[in-house]
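Everything below concerns the one structure shown next.
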Amino acid sequence: MNTTSSMLFPNATHMLDVIGGTAALGGDSDIIPRIRLGLPVSTIEFILGSGRLTLAELDRIVLPRKTLMNRRKLGSLTPEQSDRLVRVARLIAAAEDTFGTAAKAHAWLRRPTAALAGEKPLELLDTDEGARRVDNLLGRIGHGIAA
Numbered sequence: 001m002n003t004t005s006s007m008l009f010p011n012a013t014h015m016l017d018v019i020g021g022t023a024a025l026g027g028d029s030d031i032i033p034r035i036r037l038g039l040p041v042s043t044i045e046f047i048l049g050s051g052r053l054t055l056a057e058l059d060r061i062v063l064p065r066k067t068l069m070n071r072r073k074l075g076s077l078t079p080e081q082s083d084r085l086v087r088v089a090r091l092i093a094a095a096e097d098t099f100g101t102a103a104k105a106h107a108w109l110r111r112p113t114a115a116l117a118g119e120k121p122l123e124l125l126d127t128d129e130g131a132r133r134v135d136n137l138l139g140r141i142g143h144g145i146a147a
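When we follow the UniProt record's numbering, the leftmost residue of the sequence shown carries the number 1, and every step to the right adds one.
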């Protein structure tokens, strides 16, 4: 029985696409061992190049610019940085799935939301609890529950 993350979690394939797909992971679709080893810096370059995150957003949510410069020299992220990047990618993918287009999702992520006490969803992704709240809200929106 094949139990890759993309089979267990349909959104996992989209999340992988946000950070460059399986090509960025050396053809591996199981993200957990890759997080533990540290994702390649190319995943950061991909998410920046796709316009899903700006350098300023990356600096605040995933890793500071100076650290990024150092990680570029080393070629990979730490497991902690990798985990933060995957958390952000997962929620970007969830927003894109919920709103149907990348443009609508990215606008929503950057707009203050009453259901999040006036915070911008993207700004809450720097903590696990903030990410859970954004994920919960996306689930409510996806099910048509007033948010």
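Note that CB positions come from ideal geometry on N, CA and C, so glycine has one too. Predicted model only: the values in this text are computed from it and were never measured.
S76 is bridged by DSSP to P40. The alpha carbon of A102 has as its nearest neighbour, out of G51, T22, F46, the alpha carbon of G51.
DSSP, reduced to helix, strand and coil, places T54 outside both helices and strands of the structure shown, so it counts as coil.
Annotation: I47 to F99 spans about 19 Å, alpha carbon to alpha carbon.
A direct Cα-Cα distance of roughly 45 Å separates L74 from G144.
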